[in-house]
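*Asks:* Count along the sequence shown starting at 1, add 4, and that's the number in our numbering. Structure below; questions to follow.
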Amino acid sequence: MKIILSSLLFLFASNAFAEYRVFQLRLSRGAGEVREVLSTLDPYQYTTYYPVDPDVSVEYMDSWLCLGDTSGFREYCKKPNRQPAALNDSPETATQAQ
5 MKIILSSLLF
15 LFASNAFAEY
25 RVFQLRLSRG
35 AGEVREVLST
45 LDPYQYTTYY
55 PVDPDVSVEY
65 MDSWLCLGDT
75 SGFREYCKKP
85 NRQPAALNDS
95 PETATQAQ
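Below, the structure written as structure tokens:
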């Protein structure tokens with residue numbers, strides 16, 4: 005019975021989907037040195053994982069969700085285009101106009 009259950013679990017686990025979040029971080033030093041970095045680590049995780057000098061500040065700039073995984077050192081997905089929706093296209097304003 006344990007073997008059957010383990011086999012079923014293994015079969016269903018292969019259909020899992022992965023996703024990850026990409027963070028755009030800005031690393032700046034007091035002397036005006038600025039560098040932008042893409043990472044799967046948020047600003048707090050980044051400073052604990054990588055050795056960052058005390059005079060370097062790590063700022064959160066943006067983040068987005070990617071489907072898939074980063075195994076094999078794959079590149080992160082591109083940032084999606086975000087355009088604000090026009091207020092005129094809202095269903096509520098269309099109903100009020102009638």
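The C-beta atom is built at its ideal place from N, Cα and C for all residues, glycine as well.
Distance check for F21 and A35, CA to CA, integer angstroms please.
*Replies:* Straight-line Cα distance between these residues: approximately 44 Å.
*Asks:* Which class does F21 belong to by DSSP, given the choice of helix, strand or coil?
*Replies:* If DSSP states are grouped into helix, strand and coil, F21 belongs with coil.
*Asks:* Measuring CA to CA, which of S67, F77, G72, L29 is closest to R86?
*Replies:* When each option's Cα is compared against that of R86, the closest is S67.
*Asks:* Just verifying my parser: in three-state terms, what is the DSSP assignment at L9?
*Replies:* Note: L9 maps to helix in three-state DSSP.
*Asks:* Where does F14 land, buried or exposed, given buried means 16+ other C-beta within 10 angstroms?
*Replies:* So F14 counts as exposed.
*Asks:* Find the nearest neighbour of V38 within the set P84, S61, Y54, K82, judged by alpha-carbon distance.
*Replies:* It is S61 whose Cα lies nearest to the Cα of V38.
*Asks:* Out of D57, S10, E79, point me to the one whose CA is closest to R33's CA.
*Replies:* With distances taken between Cα atoms, R33 lies closest to D57.
*Asks:* What residues are listed by DSSP as bridge partners for Y64?
*Replies:* Partner(s): L29.
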